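Here is the structure we will look at, set down as structure tokens.
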Amino acid sequence: SDVEGYSKTEGAWILSLNKRTYSVNTVAECATKCNTETSFTCKSFIYNEKDQECWTAAANSKTDSVFRRSSTALYEKNAYLLECVNGIGTDYRGTKSKTNSGKICQRWDSSYPHRPNFTPQSNPRADLDSNFCRNPDGDSNGPWCYTTDANTRWEHCNVPSCSEECIVCNGVNYRGKISTTENGFTCQRWDSQKPHNHGYNPSTLPQKYLEENYCRNPDGDPRPWCFTTSPSKRWEFCSIPRCSKSSPTEPPTIIPEVDCVTNQGLAYRGTIAVTETGKTCQSWSAQTPQTHNRTPQNYPCKDLDNNYCRNPDNERRPWCYTTDPATRWEYCNVTRCGNEAAPDDPVIPPDTENCYEGNGSNYRGITSETISGKKCQRWSSMTPHKHDKTQEAFPNADLRRNWCRNPDGDQAPWCYTTDPAVRWEYCNLEKCPTKPSGTTRPIQQEPSTNTQTPAERDCKTGNGETYRGPTSVTVLGVTCQAWSAQTPHQHSSFTPETHPTKGLEGNSCRNPDGDVNGPWCYTTDRNKKWDYCQISDSGLECGTPVVKPKRCFGR
Amino acid sequence: IVGGCVSKPHSWPWQISLRTSNGIHFCGGTLIHPQWVLTATHCLERSSRPSAYKVLLGVHTELATEPSKQEMRLEKIVKEPNGADIALLKLERPALINEKVQPACLPEKDYIVPSGTECYVTGWGETQGTGGDGTLKETGFPVIENRVCNRPAYLNGRVKDHEMCAGNIEGGTDSCQGDSGGPLVCYAQNRFVVQGVTSWGLGCANAMKPGVYARVSKFVDWIDRTIKTN
Numbered sequence: 001s002d003v004e005g006y007s008k009t010e011g012a013w014i015l016s017l018n019k020r021t022y023s024v025n026t027v028a029e030c031a032t033k034c035n036t037e038t039s040f041t042c043k044s045f046i047y048n049e050k051d052q053e054c055w056t057a058a059a060n061s062k063t064d065s066v067f068r069r070s071s072t073a074l075y076e077k078n079a080y081l082l083e084c085v086n087g088i089g090t091d092y093r094g095t096k097s098k099t100n101s102g103k104i105c106q107r108w109d110s111s112y113p114h115r116p117n118f119t120p121q122s123n124p125r126a127d128l129d130s131n132f133c134r135n136p137d138g139d140s141n142g143p144w145c146y147t148t149d150a151n152t153r154w155e156h157c158n159v160p161s162c163s164e165e166c167i168v169c170n171g172v173n174y175r176g177k178i179s180t181t182e183n184g185f186t187c188q189r190w191d192s193q194k195p196h197n198h199g200y201n202p203s204t205l206p207q208k209y210l211e212e213n214y215c216r217n218p219d220g221d222p223r224p225w226c227f228t229t230s231p232s233k234r235w236e237f238c239s240i241p242r243c244s245k246s247s248p249t250e251p252p253t254i255i256p257e258v259d260c261v262t263n264q265g266l267a268y269r270g271t272i273a274v275t276e277t278g279k280t281c282q283s284w285s286a287q288t289p290q291t292h293n294r295t296p297q298n299y300p301c302k303d304l305d306n307n308y309c310r311n312p313d314n315e316r317r318p319w320c321y322t323t324d325p326a327t328r329w330e331y332c333n334v335t336r337c338g339n340e341a342a343p344d345d346p347v348i349p350p351d352t353e354n355c356y357e358g359n360g361s362n363y364r365g366i367t368s369e370t371i372s373g374k375k376c377q378r379w380s381s382m383t384p385h386k387h388d389k390t391q392e393a394f395p396n397a398d399l400r401r402n403w404c405r406n407p408d409g410d411q412a413p414w415c416y417t418t419d420p421a422v423r424w425e426y427c428n429l430e431k432c433p434t435k436p437s438g439t440t441r442p443i444q445q446e447p448s449t450n451t452q453t454p455a456e457r458d459c460k461t462g463n464g465e466t467y468r469g470p471t472s473v474t475v476l477g478v479t480c481q482a483w484s485a486q487t488p489h490q491h492s493s494f495t496p497e498t499h500p501t502k503g504l505e506g507n508s509c510r511n512p513d514g515d516v517n518g519p520w521c522y523t524t525d526r527n528k529k530w531d532y533c534q535i536s537d538s539g540l541e542c543g544t545p546v547v548k549p550k551r552c553f554g555r
Numbered sequence: 001i002v003g004g005c006v007s008k009p010h011s012w013p014w015q016i017s018l019r020t021s022n023g024i025h026f027c028g029g030t031l032i033h034p035q036w037v038l039t040a041t042h043c044l045e046r047s048s049r050p051s052a053y054k055v056l057l058g059v060h061t062e063l064a065t066e067p068s069k070q071e072m073r074l075e076k077i078v079k080e081p082n083g084a085d086i087a088l089l090k091l092e093r094p095a096l097i098n099e100k101v102q103p104a105c106l107p108e109k110d111y112i113v114p115s116g117t118e119c120y121v122t123g124w125g126e127t128q129g130t131g132g133d134g135t136l137k138e139t140g141f142p143v144i145e146n147r148v149c150n151r152p153a154y155l156n157g158r159v160k161d162h163e164m165c166a167g168n169i170e171g172g173t174d175s176c177q178g179d180s181g182g183p184l185v186c187y188a189q190n191r192f193v194v195q196g197v198t199s200w201g202l203g204c205a206n207a208m209k210p211g212v213y214a215r216v217s218k219f220v221d222w223i224d225r226t227i228k229t230n
């Protein structure tokens, strides 16, 4: 986040009842408002950079619903997002609400079944919120709560420690800070390409948490690993102990499904060992006739027993390698529980253009990338972003796979992104031309082979972030205010000084914030702070085919 | 291309067909400049003379009966000096850039395509019975990081730093003989960038044997220098 102590999520907004609004000049000022809020415990704030509006809120994404909203960013105090304790956890502000023995906590503001000694009123700084475990009295065994069991007044909650360094299963969820390999090499930072050039770019793989130079397991290896800072050793596994069975970080026990499957069948632990075409499954521990890495050792928590159908790797259904040398693997026919529909229909949709009409509500193409190049989250998934745009809630919106759609009548197709910091974005799609062009597109005789996007002069491509032309009138014909001027609209977010590389010269339209709708400017109309500009699209450039490829699937 | 599908005509306008002087297709290539084509060095083993080859641009079928066809002889062949499987072909004259003939973009120097990025290969090569023979086919699959690709069960350390892997681990779709020299393009920031030149593989479309491509970003300086000095 660009504000210390906060996690930023772009395009997000929370609907907290307990909220105050301020007019500020910078995001840092908004953070100050949150830090000094006196009327409630401020856990997050929302900032709209363009309008320089600031809302402080008593809630965060863990307790309130998060909505989409363009031009806003949600900043949440890290302390209120942590679900682990440092030391004895007097500063624990997480949401665990069950005790060691599984009893549900009593609300701190309730007097039933136990009359509490610690209340939100008597301990206003202890954040005795809802029925979450807290440690208002500095108990040496950590956070606790009064329980809803009349026979047990209170119990500890066994909240995991933030400093615990162990892995569960093969450590794909390891988020610890070990940064030395098993033979003592120091790990290379993931965001560095030296000494080893690699393809694990933290910004394009945000869901892999490739932070600093910490050991991670982004590819389902047997254990976390890292590139090393030694030029002669490209990468090595890290030696991180496995969490004990009693560890609080052990994943919740799954409820095994034996006779039928729900969703993708990840919990299937039955004994079907035949594929849908009748082939016998190969034992997971065998390497003939199919060699593979889905071994019980590499997937220690997936119960790859004998040759039973399983789904260790988030496939659509349980499957297995087959004993037929000519058929590597196949899905198994496991009955679905109840009347549940199969997960996302795998049928490839008809060929569709990479453009949308109107607001794109009827767009049914297969684009799954946002305007900034982020990968879309599957509509059926709730991670990294929890949401309510499900197939069930929007049955006519064709919310399949992670394809861009517009279920809620927004101005263009969009999707939730796989980047935890960016809730949603519009998709990398253009509006279909309204009618065939009657003129020939300009022919570029000497297309640039330069890898940098050339600054565009009289036209724009994409969202026009590189537009450097002279247009200085908005779509409504209003003249733009100079970027360096503070009248009629005072602003500080987008000035030539704050964004020196964005071409904020004179009063020409620009797109310093990558707005999906293209270049804009502050206007000279005091009733309209800012507006978009009308700039035409350009002709041929390298890598931009006029006939859009169909981009068919490979399997 | 094994698996995949027949492409939409002229939707990969940088794809060229490298042919013998009597018109037999044997390799692909990528137009990266009106007068320059990127291909694989191993496509040029049959002769070092430019006159032994010709390049077709703007075609969709191997028969090349399209009116949009531009046929060029070669003026020069420049092979990568350190023996990498990448070469440049200078055409006898600049191609006419239009909706059916258009260069692909070059990547940034030393850019590494992130693991898992979906990229696309095209070509008129072997289909191994998966259909579409004689027309330009395409397929898409993810880039596989060299670290993963060099695992013993995959390509077991055979992949060099100046190469990259792409494919589906479960097999079924891949580039194949006759696609060599052609483009592996990845879509980023609203344009297709040629990140790879089809080079080699252990068979085609076999499980755990992804295709290997010359990593273009490692040769950007050489490409720029060659074009400037020639």
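In order, the protein sequence lines correspond to chains A and B. My numbering puts the first residue of the first sequence at 1, with every later residue one more than the last. My numbering puts the first residue of the second sequence at 1, with every later residue one more than the last. Note that CB positions come from ideal geometry on N, CA and C, so glycine has one too. None of the values given here were measured: they were computed from a predicted structure.
Alpha-carbon spacing of residue i relative to residue j, whole angstroms
| i | j | result |
| --- | --- | --- |
| V143/B | A326/A | 26 angstroms |
| G199/A | V185/B | 16 angstroms |
| V6/B | K431/A | 26 angstroms |
| A153/B | A267/A | 28 angstroms |
| Y53/B | R73/B | 7 angstroms |
| L429/A | S11/B | 17 angstroms |
| Q411/A | H491/A | 26 angstroms |
| L88/B | E425/A | 40 angstroms |
| P296/A | H385/A | 31 angstroms |
| C542/A | A12/A | 35 angstroms |
| S115/B | C43/B | 28 angstroms |
| G464/A | G196/B | 28 angstroms |
| C301/A | N217/A | 15 angstroms |
| S71/A | V3/A | 17 angstroms |
Segment limits, alpha helix (DSSP H) that includes residue i
| i | result |
| --- | --- |
| D127/A | Premise fails: D127/A is in no alpha helix (DSSP H) and is neither H nor E. |
| I223/B | 220–229 |
| A166/B | Premise fails: A166/B lies in the beta strand (DSSP E), 163–166, not in any alpha helix (DSSP H). |
| K33/A | 27–35 |
| C149/B | 146–149 |
Contacts around residue i, its chain only, beta-carbon distance under 6 angstroms, and the 5 residues preceding and following it disregarded
| i | result |
| --- | --- |
| T323/A | T280, Q282 |
| S39/A | none |
| T544/A | none |
| C105/B | R191, V193 |
| W403/A | I366, S368 |
| G167/B | F141, D174, P210, G211 |
| H255/B | In the structure as shown, chain B starts at 1 and stops at 230, and residue 255/B therefore has no counterpart that could be examined. |
Test item: CB-CB of residue i and residue j under 9 angstroms
| i | j | result |
| --- | --- | --- |
| T41/B | D85/B | yes |
| Y92/A | C133/A | yes |
| G220/A | N170/A | yes |
| C176/B | V59/B | no |
| C415/A | R400/A | no |
| C84/A | S97/A | no |
| C226/A | C243/A | no |
| Q102/B | P13/B | yes |
| C309/A | C337/A | no |
Cβ of residue i within 9 angstroms of any chain B Cβ
| i | result |
| --- | --- |
| H385/A | no |
| W329/A | yes |
| D219/A | yes |
| K302/A | no |
Test: residue i CB closer than 9 angstroms to a CB of chain A
| i | result |
| --- | --- |
| L56/B | no |
| Q70/B | no |
| I32/B | yes |
| K100/B | yes |
Within-9 angstroms CB hit, residue i to chain D
| i | result |
| --- | --- |
| N156/B | Absent from the structure: chain D. Protein chains present are A and B. |
Start and end residues, beta strand (DSSP E) containing residue i
| i | result |
| --- | --- |
| T558/A | Only positions 1 to 555 of chain A appear in the structure, and residue 558/A is not among them; the question remains open. |
| E80/B | Looking at the DSSP string, E80/B is not in any beta strand (DSSP E), and its letter there is neither H nor E. |
Residues near residue i in its chain [Cβ-Cβ closer than 7 angstroms; skip 5 each side]
| i | result |
| --- | --- |
| S372/A | E425, G514 |
| D127/A | T41, R93, R134 |
Sequence-distant residues of the same chain with beta carbon closer than 8 angstroms to residue i, five excluded per side
| i | result |
| --- | --- |
| G611/A | Here chain A covers residues 1 to 555 and nothing more, so residue 611/A does not appear. |
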